[in-house]
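Here the structure is laid out as C-alpha cells; the discussion comes afterwards.
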Amino acid sequence: MEQKGIMTAVVGSYTYYDYSNFVFGGEGRYAYGKMDYSSSSSGSMKDIDDYIWEVRGWGGYQIFISQQVNILPYIGLGYRYLNDDMSGRTTSTGAWGYEREISYTYTPVGIKVSSKIDEETGVQMCLEYDYFWKGNVQSHLADVPGYYDIENEQDKGYGCRGNIEFYRKAEEVEYRLRCFIRYWSIEDSQSTTDPLGITWIEPENNSTEYGVGFTLRF
Numbered sequence: 000m001e002q003k004g005i006m007t008a009v010v011g012s013y014t015y016y017d018y019s020n021f022v023f024g025g026e027g028r029y030a031y032g033k034m035d036y037s038s039s040s041s042g043s044m045k046d047i048d049d050y051i052w053e054v055r056g057w058g059g060y061q062i063f064i065s066q067q068v069n070i071l072p073y074i075g076l077g078y079r080y081l082n083d084d085m086s087g088r089t090t091s092t093g094a095w096g097y098e099r100e101i102s103y104t105y106t107p108v109g110i111k112v113s114s115k116i117d118e119e120t121g122v123q124m125c126l127e128y129d130y131f132w133k134g135n136v137q138s139h140l141a142d143v144p145g146y147y148d149i150e151n152e153q154d155k156g157y158g159c160r161g162n163i164e165f166y167r168k169a170e171e172v173e174y175r176l177r178c179f180i181r182y183w184s185i186e187d188s189q190s191t192t193d194p195l196g197i198t199w200i201e202p203e204n205n206s207t208e209y210g211v212g213f214t215l216r217f
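With the first letter of the sequence shown counted as 1, position 104 gets the number 103 in numbering that gives the first Met the number 0; the numbers rise by one all the way through.
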C-alpha cells in the first residue's frame, strides 16, 4: 500500500547560546494535509485527513573553524505523533477504513555546519541520524463492524534527515529559506492477538517527507 499527499506545517523553535559555546534548543511542528491511499488488494481512497506533531529538545557544542565557519555537533530527544484517519469511509473496492495513531520516541544525533557569505547572509547545512527507541501503533479496528481495537509495539528501525538553509539578517529579524528531507524506516512490529484469537502485526514501512519552508528568526 502507499499514501501520498501535500501537508502544510507550522514550526517554532528556541535556541540558547551559552558563553562557553554550549548550545541548547527546543523545537516543535504541526503539519496537516490530505492523503491519497492506494493498494493492489484493497483499492484506493482520496482526501484522507492526516496530521503530525513533533517535539524535540537537544544540546550541543559550537566549534569555530574560522571567522566564517563553525560546526555544531548535537544530541537530543524527540517524539513524533501521526494520526491517519480513514474511519467511516470505504475504499474503491468496498474495504472499510479505520483510524491509526502512530508514535515514535527517538534520539537525534547530528551536526550543523554554518558558513557566512558576508556579514548579512550565510548558509547552514544539517545532517542527522535518528536512533529509534520505540514506537506504538494504535489501530482503531473497532471502527469496522466485527473487529476490535489493537495495539502493536515497534522496537526496530531508524530515521535520518537533512536540510540546507539560506539566511539573510535584517535589523531586527533574520529571514531563512530551508529545503529539507526526513526519512523513517521501521521494521515489522511485535505481534498482538485480539479477543477473537486473530494475530496482528504492523508491517515494515517507510515514510519520506520533503519540501521547502520559510521562517523568521528573532
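We treat Cβ as the ideally placed atom computed from N, Cα and C, and that holds for glycine. What you are looking at is a predicted structure, and each value in this text was computed from that prediction instead of being measured.
- Per DSSP, the beta bridge partners of N135 are S102, E152.
- About 17 Å separates the CB atoms of I197 and D187; that is not less than 8 Å, and the two are not in contact.
- A distance of 8 Å or more separates the beta carbons of E127 and G156.
- Under DSSP, the beta-bridge partners assigned to F23 are Y15, G58.
- Using a Cβ distance threshold of 8 Å, L71 and K111 count as a contacting pair.
- Scanning its chain for C-beta atoms nearer than 7 Å, with the 5 sequence neighbours on each side dropped, one finds around T14 the residues V22, G24, in chain order.
- Under the three-pair Cβ rule at 8 Å, the segment 95–108 counts as touching the segment 135–142.
- For D83, the enclosing beta strand (DSSP E) covers residues 68–84.
- The residue from N82, E150, I163, Y105 with its alpha-carbon nearest to that of I180 is I163.
- In this structure, DSSP gives A94 a state outside helix and strand, which the three-state scheme calls coil.
- DSSP places D35 in the strand class (E or B) of the three-state scheme.
- When beta bridges are read from the DSSP output, E164 appears opposite Q123, R177.
- For Y80, the closest of I47, S12, V122, I51 by C-alpha to C-alpha distance is I51.
- Contact check for S19 and T90: beta-carbon distance about 57 Å, past the 8 Å limit, so the pair fails to qualify.
- Rounded to whole angstroms, the separation of the alpha carbons of L76 and A169 is 32 Å.
- Under the three-pair Cβ rule at 8 Å, the segment 51–68 counts as touching the segment 28–41.
- For R28, DSSP records a beta bridge to V10, E53.
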